[in-house]
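Numbering (numbering that gives the first Met the number 0), first residue to last: 0 to 444.
Where a beta carbon is used, it is the ideal one built from N, C-alpha and C, also for glycine.
Read the structure below first, then the notes.
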Amino acid sequence: MRERTHEVVILGAGFAGVSAAKELAAHGVDVLLLDKNNYHQFQPLIYQVATAQLANRDVARPLRSIFRRDRSVRVTTAEITRIDPATRTVTTADGLTFRGRVLVIAAGAEVNFFGIPGAAEYSFPLYSLNDATRLRSRLLGVLDAADRDPRYIEQGALNVVVVGGGATGVETAGAVAESMREVVPAYLSKDLAKAGKVYLVDMLPDILMPFSEKSRKYAAEQLRAAGVEMKLGISVTEVRKDGVVLKDGSFIPSRTVVWAGGLKARSLLGDAGLPQGKGGRIDVAADLTVPGFEGVYALGDSANITDDANGNKLPQLGAVAMQSGEWAARNILADLRGGQRRPFAYRDKGIMAMIGRGSAIAELGSKRMHFAGPLAFLAWLGVHVILLSGVREKIGALVSWFWDYGTRRRPQIVVDRPEAYRIDWGAHEEDRSDSATGARSHASA
Numbered sequence: 000m001r002e003r004t005h006e007v008v009i010l011g012a013g014f015a016g017v018s019a020a021k022e023l024a025a026h027g028v029d030v031l032l033l034d035k036n037n038y039h040q041f042q043p044l045i046y047q048v049a050t051a052q053l054a055n056r057d058v059a060r061p062l063r064s065i066f067r068r069d070r071s072v073r074v075t076t077a078e079i080t081r082i083d084p085a086t087r088t089v090t091t092a093d094g095l096t097f098r099g100r101v102l103v104i105a106a107g108a109e110v111n112f113f114g115i116p117g118a119a120e121y122s123f124p125l126y127s128l129n130d131a132t133r134l135r136s137r138l139l140g141v142l143d144a145a146d147r148d149p150r151y152i153e154q155g156a157l158n159v160v161v162v163g164g165g166a167t168g169v170e171t172a173g174a175v176a177e178s179m180r181e182v183v184p185a186y187l188s189k190d191l192a193k194a195g196k197v198y199l200v201d202m203l204p205d206i207l208m209p210f211s212e213k214s215r216k217y218a219a220e221q222l223r224a225a226g227v228e229m230k231l232g233i234s235v236t237e238v239r240k241d242g243v244v245l246k247d248g249s250f251i252p253s254r255t256v257v258w259a260g261g262l263k264a265r266s267l268l269g270d271a272g273l274p275q276g277k278g279g280r281i282d283v284a285a286d287l288t289v290p291g292f293e294g295v296y297a298l299g300d301s302a303n304i305t306d307d308a309n310g311n312k313l314p315q316l317g318a319v320a321m322q323s324g325e326w327a328a329r330n331i332l333a334d335l336r337g338g339q340r341r342p343f344a345y346r347d348k349g350i351m352a353m354i355g356r357g358s359a360i361a362e363l364g365s366k367r368m369h370f371a372g373p374l375a376f377l378a379w380l381g382v383h384v385i386l387l388s389g390v391r392e393k394i395g396a397l398v399s400w401f402w403d404y405g406t407r408r409r410p411q412i413v414v415d416r417p418e419a420y421r422i423d424w425g426a427h428e429e430d431r432s433d434s435a436t437g438a439r440s441h442a443s444a
């Protein structure tokens, strides 16, 4: 087994890992950045890839492109199978071992299905670019099936069930409903669009719980106006390949169940013997180090981070991840140069959520100044363009948005995951000639 040594080894190229690497690179520190993907994904816009509003390239930037001018950063694509925090080493699936004078764990999270039967097998999580392309192909698959044979509508072909009333669930439900209303009529037919139904299900009595009551009320009104049927205060007890079962015994037929119900830390962290708290995440000290393990930091969705200013646990947000990455890098510089670490102080810039075309909510700053409607919508677009990595990605997103909002056309409507596009309906397509006639009737409606 070969071992390679670096000053700093960073596990994970999400917001936290990339931010830490960039800050360290600015000071010429020898950094190894490890990730299973060769790109950095902009997670807040993943749902727009799933609904064909943005192309893959708009939200994914190659890591070597990000660090092309940072000679002290080496990017390595590898699947990590073991972390040894005591020796600050990580081991890859092909047997390589990398050791750092400092180890930064920013490995992100994985989907939490909460043990719901069938959720892992039959639902579509929405956490990564890979998830988004699968969901996009499934949405196209059910639309094409219903257009081919309207009898599939009775089997729930055009029912999309979104599980989870947080920001991801709300934004996804709003985007799917908008697609049904604005895009499907242009590509298929108005009748097909009218048959589409979007359900938003959550066990909590309200959506967007981190937001104010005023924002939650506005978001709910906008979703209902867009045609989203909300089933709140009721949990999902089973996901089947043909739909979902709710706690009250009711059943929603569907072949597209989007799982936005929550995240948990990767199982890799528990296997490493690290101190875990809520959500399986690593409990870190105020300076972002892991207690009991010298030279080990944990950041982003891998960590339970406390804001030194008020002692509150911080949510799993991109802003927290980016700021913690930069802060950890400065503390690491202090470690390497014999300086003093500082406790992490989060700068709260607020929270935002997109509801649909021309509709969003924003609560800005630590005092949560409320905005809603077109102004919040424009603010949401502006903030996300600024945060996107790379000039080409910023321009690509802007062009896609202007094209979408101006023409109702989406050139990103491409099936690139055929296994998700193909659906086992449990019955053969009979009377093909009759079905084809029905499809032509729909297309001409």
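For ILE104, the closest C-alpha among the options ASP34, LEU134, SER122 is that of ASP34. Taking a contact as a CB-CB distance under 8 Å, the pair LEU287 and ALA318 does not count as one, their CB atoms being some 15 Å apart. Runs of the alpha helix (DSSP H) lying entirely within the region 51-122 and spanning at least 4 residues, in chain order: 55-58, 62-65, 118-121.
GLY355 is bridged by DSSP to SER358. The Cβ neighbour count for ARG215, taken over all protein chains shown within 10 Å, is at least 16; the residue is labelled buried.
One Cα belongs to GLU22, the other to GLU325, and the distance between them is close to 6 Å. Under the three-pair Cβ rule at 8 Å, the region 254-261 counts as touching the region 101-117. A straight-line Cα-Cα distance of about 22 Å links ALA185 and GLY155. The shortest C-alpha to C-alpha distance from GLU120 to any of ASP241, ALA225, ARG367, LEU31 is the one to ASP241.
When rounded, the separation of the alpha-carbon atoms in VAL89 and ARG265 is 15 Å.
Taking a C-beta distance under 8 Å as the contact criterion, PRO314 and PRO209 qualify as a contact pair. Annotation for THR171: TYR46, ALA49, THR50, LEU125, VAL161, VAL257, ALA259 place their beta carbon closer than 8 Å to its own, counting only its chain and skipping 5 residues before and after. Counting C-beta atoms within 10 angstroms of its own C-beta, ALA25 has fewer than 16 neighbours from the protein chains shown and is therefore classed as exposed. Taking the Cβ atoms as the reference, ALA218 lies roughly 7 Å from ALA352, within the contact range of under 8 Å. A check of alpha carbon separations from ARG3 across LEU222, ARG73, LEU231 identifies ARG73 as the nearest.
The C-alpha of THR236 lies about 27 Å from the C-alpha of ALA145.
Sequence-distant Cβ neighbours of GLN339 in its own chain, meaning closer than 8 Å and more than five residues away, are ALA333. Between the alpha carbons of MET368 and GLY355 lies a gap of roughly 21 Å. Non-local beta-carbon contacts of ARG180 in its own chain, meaning distances under 8 Å to residues more than five positions away in sequence, involve ALA192, ALA225, GLY226 in chain order. Around the beta-carbon of GLU392, 16 or more other beta-carbon atoms lie within 10 Å, marking it buried.
In this structure, DSSP gives GLY349 an extended state, which the three-state scheme calls strand.
Taking 8 Å as the cut-off, the Cβ atoms of ALA194 and LEU157 count as close. Under the DSSP assignment, ARG391 falls outside any beta strand (DSSP E), being part of the alpha helix (DSSP H) whose first and last residues are 390-406. Secondary structure of PHE370 (DSSP, three-state): strand. Contact between ALA271 and ILE82 holds: their C-beta atoms lie close to 4 Å from each other, under 8 Å. Pairing VAL58 with THR132, the inter-Cα distance amounts to about 12 Å. The residue from TYR345, VAL110, ASP415, LEU199 with its alpha-carbon nearest to that of ILE233 is LEU199. Each of SER211, MET229, LEU32 was checked against the Cα of THR76, and the nearest Cα belongs to LEU32.
Relative to the Cα of GLY310, the nearest Cα in the group THR96, ALA375, PRO342 belongs to PRO342.
The C-beta of THR305 has 16 or more other C-beta atoms within 10 Å across all chains shown, which makes the residue buried. Boundaries for PRO417: no beta strand (DSSP E) harbours it, while the alpha helix (DSSP H) harbouring it runs 417-420, taken from the DSSP string. When DSSP states are grouped into helix, strand and coil, ASN330 belongs to the helix group. ARG98 is a Cβ neighbour of THR86, given a cutoff of 8 Å.
With respect to the 8 Å criterion, ARG254 and ILE422 are classified as neighbours on the basis of their beta carbons. Within the same chain, Cβ atoms closer than 6 Å to the Cβ of ASP29 are found at HIS5, GLU6, SER71, the five residues on either side in sequence being excluded.
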